[in-house]
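Novice: Protein chains in written order, with this note's numbering: chain G, 201 to 454; chain B, 88 to 721.
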Amino acid sequence: MQDDDSILATEHLSLYYGDNQALRDISVRIPRNRVTALIGPSGCGKSTLLRCFNRLNDLIEGVRIEGRILFEGRDIRDPGCDVVELRKRIGMVFQKPNPFPSSIYDNVAYGPRVHGVRNRGALDAIVRVSLEAAALWDEVADRLHDSAMGLSGGQQQRLCIARTLAVGPGVILMDEPCSALDPIATSKIENLINDLKEHYTVVIVTHNMQQAARVSDFTGFMYLGRLIEFGPTARIFENPREELTNNYVTGRFG
Amino acid sequence: MPEVLPQPGRLSSLWKRTRRIRERAVRTVWFCTAIVAVVAIFFILVFLVRNGYPIFAEVGVRAFLAGDTWNPTGTPPAYGILPLIAGTLLVTLGAMAIAVPLGIAVAVFIAELAPPRLRGVVKPAVELLAGIPSVVYGFFGLVILTDWIRISFEIPSGETWLAGSILLGIMALPTIVSVSEDAIAAVPRGYREGSLALGATHWQTIAGVVIPGALSGITAAIILGVGRAIGETMAVIMVVGNAAVIPEPLWNVLSPVRTLTGTLGIEMGEAAAGSTHYHALFGVAVVLLAITLAVNLIARYVLLRLGGPARRARRGHSGAAKPFARAVPGLLAAATGIPAAAVPLPGAARAGRRVSPKTRQKIAFWLMYASTGIVLLFLGVILFDIVSNGLPALSWEFLTAPPRDLGRAGGIGPAILGTIYLVGGAILFALPIGIGAAIYLHEYTRGGRVAGIIRAGADLLNGTPSIVFGLFGFAFLVLYLNLGVSLLAGLVTLGLMILPTIIRTTEEALASIPAGVREGSLALGATHWQTIWRVVLPPAVPGILTGTILSIGRAAGETAPILFTAVVFSRRLLPGSVMEPVMALPYHLFILATNVPGARENQYGTALVLLALVTAVYLVAIFVRSRYRSSARW
Ligand SMILES: Nc1ncnc2c1ncn2[C@@H]1O[C@H](COP(=O)(O)OP(=O)(O)OP(=O)(O)O)[C@@H](O)[C@H]1O
Ligand SMILES: [Mg+2]
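#1: Closer than 7 Å is what we want: which residues have a beta carbon that near any heavy atom of ligand 2? List them in chain order.
#2: Against chain B, does residue 326/G count as a neighbour if the rule is that its beta carbon must be under 8 Å from one of theirs?
#3: Using a C-beta to C-beta distance shorter than 8 Å, which residues of chain G count as neighbours of residue 328/B?
#4: Can you tell me whether residue 416/G is helix, strand or coil according to DSSP?
#5: Residues in the segment 622-652 of chain B with C-beta within 9 Å of chain G's C-beta atoms, listed in sequence order?
#6: At which residue ranges does the segment 264-315 of chain G contain complete alpha helix (DSSP H) runs of 4 or more residues, listed in the order of the chain?
#7: Terminal residues of the continuous alpha helix (DSSP H) containing residue 485/B?
#8: Are the Cβ atoms of residue 706/B and residue 694/B separated by less than 8 Å?
#9: Taking buried to mean at least 16 other C-beta atoms within 10 Å of its own C-beta, is residue 536/B buried or exposed?
#10: According to DSSP, is residue 245/B helix, strand or coil?
#11: If you scan the segment 542-568 of chain B from start to end, which runs of the alpha helix (DSSP H) of 4 or more residues do you find wholly inside it?
#12: Hey, out of 583/B, 215/B, 180/B, whose CA is closest to residue 708/B's CA?
#13: Please report the straight-line C-alpha distance between residue 381/B and residue 540/B, rounded to a whole angstrom.
#14: Grouping DSSP H, G and I as helix and E and B as strand, with all else coil, what is residue 387/G?
#15: Please confirm whether any heavy atom of ligand 1 lies closer than 7 Å to the CB of residue 473/B.
#16: By how many angstroms is the C-alpha of residue 523/B removed from the C-alpha of residue 114/B?
#17: I'd like to know whether the C-beta of residue 205/B is nearer than 8 Å to at least one C-beta of chain G.
#18: Are the C-beta atoms of residue 388/G and some chain B residue less than 8 Å apart?
#19: Would residue 315/G count as contacting chain C if we go by Cβ distances under 8 Å?
#20: Shorter than 7 Å, the distance from the beta carbon of residue 260/G to the closest heavy atom of ligand 1, or not?
#21: Spatial neighbours of residue 304/B within its chain, please: CB distance less than 8 Å, with the 5 preceding and 5 following residues excluded, ordered by chain position.
#22: With DSSP as the reference, identify every bridge partner of residue 432/G, one or two as the case may be.
#23: Taking only beta carbons into account, state which residues of the segment 264-297 of chain G come closer than 9 Å to chain B, listed in chain order.
#24: Mind checking who residue 372/G pairs with in its DSSP beta bridge?
#25: In whole angstroms, what is the alpha-carbon distance linking residue 309/G and residue 622/B?
#26: Can you say whether residue 419/B is buried or exposed, counting buried as having 16 or more other CB atoms within 10 angstroms of its CB?
#27: Helix, strand or coil, according to DSSP, for residue 682/B in the structure here?
#28: So, for residue 275/G: in the same chain, excluding its five sequence neighbours on each side, which residues have a beta-carbon less than 6 Å away from its beta-carbon?
#29: Do the segment 274-289 of chain G and the segment 404-416 of chain G meet, that is, are 3 or more Cβ pairs less than 8 Å apart?
#30: Can you tell me whether residue 329/B is helix, strand or coil according to DSSP?
#31: From this set, 111/B, 370/B, 703/B, which residue's C-alpha is nearest residue 149/B's C-alpha?
#32: Are the C-beta atoms of residue 450/G and some chain B residue less than 8 Å apart?
#33: Going by beta carbon distance, what residues of the same chain come within less than 7 Å of residue 173/B, once the five residues before and after it are set aside?
#34: So which residues of chain G does residue 726/B contact, with C-beta pairs closer than 7 Å?
#35: Got a sec? Which residues, its chain only, sit under 8 Å from residue 565/B by beta carbon, not counting five neighbours each side?
#36: Whose Cβ in chain B lies nearer than 9 Å to the Cβ of residue 248/G?
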């Protein structure tokens with residue numbers, strides 16, 4: 201049932217936090233090398249769905265999952281699936297920046313190091329290009345060895361993006377990556393996302409309708425744990441099939 | 088630009104395989120340490136209950152618990168422990184009346200009010216207070232405090248409930264201060280800023296936002312303090328008179344009392360194994376366990392009632408913090424048995440409705456300064472007394488020679504070395520197991536039922552009085568395993584005693600690392616162990632170190648657990664093997680102070696050396712910790 205151009209997919213995915221069902225029967229296919237936006241009102245399960253793709257929900261007590269989650273056609277919940285490799289190949293940028301309490305350099309070098317890069321020159325190069333790609337290099341070039349906790353919220357978020365890029369994932373999950381950024385940094389990130397999609401698949405959760413329209417090729421609209429509608433971004437915004445979607449994208453929600 | 092970034096790719100299968108093997112090996116190691124810890128914990132519990140059971144069968148539960156005469160060596164013997172229970176509760180109650188208000192006030196002072204310079208003085212001072220071994224407190228109490236009470240109240244002997252409460256209050260203070268202060272400092276800065284930004288005064292912010300946010304930690308602090316007071320043996324034996332009577336009238340603080348722990352410390356060596364008296368002492372230990380359990384359950388209940396909503400508030404879902412500000416005094420009272428009015432916190436602030444916020448703040452802050460002053464005064468008096476009287480005794484001979492003439496002359500060399508052996512051995516034994524078990528429990532189990540049971544067992548033993556470990560070590564290691572009174576029996580007993588503390592503080596340090604940081608690392612494809620080793624442990628080190636410091640100090644100063652397992656009073660030679668007994672400083676001081684008249688100078692000398700030794704350990708550890716403390720708070 202997997203066609204060639206989808207890299208991630210779910211089939212009849214339901215997720216419960218204890219008794220509280222957060223995802224209801226979601227079937228979706230995320231196209232390869234495209235940017236997919238997930239939109240929907242707060243609490244509808246966007247972050248939860250995103251965290252299914254790299255199995256971060258494993259860490260939460262009392263989570264129960266039904267259905268299938270496929271990465272390149274294979275169920276990532278199979279016992280045979282190497283969750284560490286999965287997470288190396290599917291990066292994530294969190295809603296709240298979560299740098300490690302170490303230096304800027306060490307934050308970015310962390311991923312390559314845990315994957316076995318020891319060569320100082322190689323690390324330096326990776327740190328540099330990653331920071332440049334995340335539009336942070338110019339601001340931190342002269343204080344790479346200062347603590348990352350001293351950066352502003354927006355800088356911390358770009359650091360987290362750089363950190364993710366440094367690992368070389370094929371898919372990047374972004375959970376409202378721009379919610380802490382100013383318009384300039386935001387547009388830098390949006391440009392970055394545009395550049396990235398040649399090589400990467402991006403899934404981005406956003407509350408910003410314009411952003412979804414600007415950066416994404418496909419959009420999924422979620423509501424109360426259901427995926428209401430999924431399709432090319434232009435169609436979702438201009439010609440939604442569902443009443444709910446229409447209300448949401450036109451801002452007449454409530 | 089992105090072309091030069093690391094390209095998407097798979098991990099090589101060799102790399103994956105070695106990594107998987109390493110992960111499994113590490114996990115297995117921690118699992119084994121956890122198993123050792125668990126077996127030890129539950130074995131101790133079962134052993135105590137097993138040996139205590141016969142007394143309940145023989146005398147009857149009712150007669151044992153409610154009998155008002157304790158006289159196991161009389162004819163006929165009487166095994167009623169009501170006076171002992173009363174003694175324990177009253178002394179603890181008095182101690183908390185002193186330590187809770189002072190402790191919380193000092194914690195708030197350190198965390199919120201003190202300028203950094205002053206904090207750098209007050210905080211180590213309080214930690215120093217924690218470093219004073221209990222037998223040194225007991226010695227001070229015996230020589231100075233009881234004397235002062237005898238003279239001020241014009242009574243024949245100053246060895247009273249009051250003396251015990253004052254001494255225990257001072258001893259419980261550092262625990263309450265440090266743990267509360269940690270909890271207060273851990274409240275996210277956003278809370279404070281949110282409140283200040285709404286125009287609240289500093290005091291309103293402290294009382295309405297910071298303290299409620301830290302409430303679970305403060306509650307834990309008080310409960311730890313209660314545990315410390317209930318569990319203390321040696322200091323109490325030295326100052327409360329040890330008459331097994333219920334004060335008449337009940338609030339007569341000038342009456343002598345006898346505690347449960349004191350009874351074990353006094354009588355353990357006399358009871359023949361297997362006799363009714365022997366089982367009665369285990370019965371006392373079981374009652375102590377039950378009290379500890381009750382304290383733990385109350386704590387858990389309090390935390391449960393607070394924990395849920397407070398945690399939700401932390402996630403930003405609701406403004407649930409406010410009602411808790413009001414609940415503070417009541418809950419504290421529930422946890423300690425102290426009337427709410429004794430707690431100078433939001434309750435007091437609320438009482439003065441009509442006073443302007445500024446004035447209220449002034450009064451509140453003034454109270455905090457005063458409390459801090461009082462605590463520093465305690466410290467100053469104790470230190471001055473010990474140091475000024477102890478210095479003249481010090482000489483090279485005193486530090487190196489064995490004692491002569493029952494310790495009135497000669498030195499304490501073997502006792503110093505014996506203490507170092509005991510503590511070093513206990514730490515070597517308990518630290519790897521304790522840290523490993525905590526890592527396993529916290530990082531590898533997801534709060535399943537088994538982990539919960541283990542944690543409950545560790546918590547129970549953590550609050551269990553040290554004399555109970557002494558009883559276990561004596562009955563099991565010395566008598567049953569036939570190790571005899573030996574260094575080995577002593578260090579295992581001490582190690583078992585500090586094991587739960589190490590597990591618990593390590594777990595707490597791990598729990599204080601935000602989940603987001605772990606997720607950040609895992610999301611980059613770091614393995615579980617890589618995440619623990621590189622991201623979780625480094626910032627947890629200061630916390631783990633703090634736990635270890637406290638344990639070392641405790642082990643070095645403890646007398647009760649080694650009383651009947653490891654020590655002899657006088658010994659010329661160093662132990663040739665771990666199977667021989669040793670001298671130890673705290674025990675030496677205890678015997679000198681209680682049984683050897685005319686040895687005042689050497690008593691002070693021994694107290695000073697013991698104090699210096701423990702303090703030195705603390706200073707080294709505090710120094711190491713402060714070097715680690717460079718990274719920012721969350
Ligand atoms: N760790 C958790 N434990 C219990 N319930 C949770 C947990 N995380 C999320 N939920 C619940 O699951 C539902 C979906 O939450 P989720 O965080 O996925 O929403 P979201 O769409 O990302 O919202 P937002 O736009 O506000 O980030 C919500 O009802 C939330 O309360
Ligand atoms: Mg979300």
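Just so you know, even glycine gets a beta-carbon here, dropped at the ideal spot from N, CA and C.
Specialist: With the structure as the only source:
#1: After applying the 7 Å Cβ criterion, the set is 246/G, 247/G, 295/G, 375/G, 376/G, 405/G.
#2: The count along the first sequence starts at 1 and reaches residue 326/G at position 126. Yes, its Cβ sits closer than 8 Å to a Cβ of chain B.
#3: In the second sequence, counting from the first residue as 1, residue 328/B sits at position 241. Within chain G, no residue has its CB atom less than 8 Å from the CB of residue 328/B, the nearest being about 51 Å off.
#4: Here residue 416/G refers to the residue found at position 216 of the first sequence. Of the three classes helix, strand and coil, the one that applies to residue 416/G here is coil, per DSSP.
#5: For the segment 622-652 of chain B, the set of residues with a beta-carbon nearer than 9 Å to any beta-carbon of chain G comprises 622, 625, 626, in chain order.
#6: Counting only runs of 4 or more, we get 283-289, 304-314.
#7: As a first step, residue 485/B is located in the second sequence; it is residue number 398 there, counting from the start. Counting along the chain, the alpha helix (DSSP H) containing residue 485/B begins and ends at 483-487.
#8: Locating residue 706/B in the second sequence gives position 619, where the first residue counts as 1. Locating residue 694/B in the second sequence gives position 607, where the first residue counts as 1. Not a contact, by the Cβ cut-off of 8 Å.
#9: As a working note, residue 536/B is residue 449 in the second sequence. Answer is exposed; the Cβ neighbour count stays below 16.
#10: Position 158 of the second sequence, counting from 1, holds the residue named residue 245/B. DSSP places residue 245/B in the coil class of the three-state scheme, outside both helix and strand.
#11: Along the segment 542-568 of chain B, the alpha helix (DSSP H) occurs as fully enclosed runs of 4 or more residues at 553-559, listed in sequence order.
#12: The residue you call residue 708/B lines up with position 621 of the second sequence. Residue 215/B holds the alpha-carbon nearest to the alpha-carbon of residue 708/B among 583/B, 215/B, 180/B.
#13: If you number the second sequence from 1, residue 381/B lands on position 294. If you number the second sequence from 1, residue 540/B lands on position 453. Approximately 16 Å between the Cα atoms of the pair.
#14: Within the first sequence, numbered from 1, the residue matching residue 387/G stands at position 187. In this structure, residue 387/G counts as helix in the three-state DSSP scheme.
#15: The residue labelled residue 473/B in the question sits at position 386 within the second sequence. Checking every heavy atom of ligand 1 against the Cβ of residue 473/B, none is found closer than 7 Å.
#16: Position 27 of the second sequence holds residue 114/B. Position 436 of the second sequence holds residue 523/B. Roughly 10 Å separates the two Cα atoms.
#17: Taking the first residue of the second sequence as position 1, residue 205/B is located at position 118. Not an interface residue.
#18: Reading the first sequence from its first residue, position 188 is the one you call residue 388/G. Interface with chain B (8 Å Cβ-Cβ cutoff): residue 388/G is excluded.
#19: You won't find chain C in this structure, because its protein chains are G and B.
#20: Position 60 of the first sequence, counted from the start, is the residue given in the question as residue 260/G. Yes, ligand 1 has a heavy atom inside 7 Å of this Cβ.
#21: Walking along the second sequence from the start, residue 304/B turns up at place 217. In chain order, 266, 267, 269, 270, 271, 273 place their CB closer than 8 Å to the CB of residue 304/B, counting only its own chain and leaving out the 5 sequence neighbours on each side.
#22: Residue numbering aside, residue 432/G sits at position 232 when the first sequence is read from its first letter. Bridge partners of residue 432/G: 418/G.
#23: Result list: 282, 283, 284, 285, 286, 287, 288, 289, 290, 291, 292, 293, 294, 296, 297.
#24: In the first sequence, counting from the first residue as 1, residue 372/G sits at position 172. DSSP, once it has assigned bridges, lists 291/G, 402/G as partnering residue 372/G.
#25: Residue numbering aside, residue 309/G sits at position 109 when the first sequence is read from its first letter. Residue numbering aside, residue 622/B sits at position 535 when the second sequence is read from its first letter. A direct Cα-Cα distance of roughly 13 Å separates residue 309/G from residue 622/B.
#26: Start at 1 with the first residue of the second sequence, and residue 419/B comes out as number 332. Low confidence applies to residue 419/B: its pLDDT is 37, below 50, so where it sits in the model is not reliable, and the reading given next is rough at best. Using a 10 angstroms sphere on the CB of residue 419/B, the tally of other CB atoms reaches 16 or more, which defines it as buried.
#27: Your numbering for residue 682/B matches position 595 in the second sequence. Residue state for residue 682/B is assigned as helix, using DSSP reduced to three classes.
#28: Locating residue 275/G in the first sequence gives position 75, where the first residue counts as 1. Within the same chain, 268 come within 6 Å of residue 275/G by CB-CB distance, once the 5 residues on both sides are set aside.
#29: Using a C-beta cut-off of 8 Å, the segment 274-289 of chain G makes no contact with the segment 404-416 of chain G, since fewer than three inter-stretch Cβ pairs fall below that distance.
#30: Counted from its first residue, the second sequence places residue 329/B at position 242. Residue state, collapsed to three classes: coil.
#31: Start at 1 with the first residue of the second sequence, and residue 149/B comes out as number 62. Comparing Cα positions, the closest option is 370/B.
#32: One-based indexing of the first sequence puts residue 450/G at position 250. False, the Cβ-Cβ gap to chain B never drops below 8 Å.
#33: Taking the first residue of the second sequence as 1, we reach residue 173/B at position 86. The residues are 333.
#34: Past the boundaries of the shown model lies residue 726/B; chain B is included only from 88 to 721, so the question cannot be answered.
#35: Numbered from 1 along the second sequence, position 478 holds the residue referred to as residue 565/B. Here the set comprises 571, 572, 573, 576, 651, 652.
#36: For the purposes of this step, residue 248/G is identified with residue 48 of the first sequence, where counting begins at 1. Scanning chain B for C-beta atoms nearer than 9 Å to the C-beta of residue 248/G yields nothing, as the closest lies near 14 Å away.
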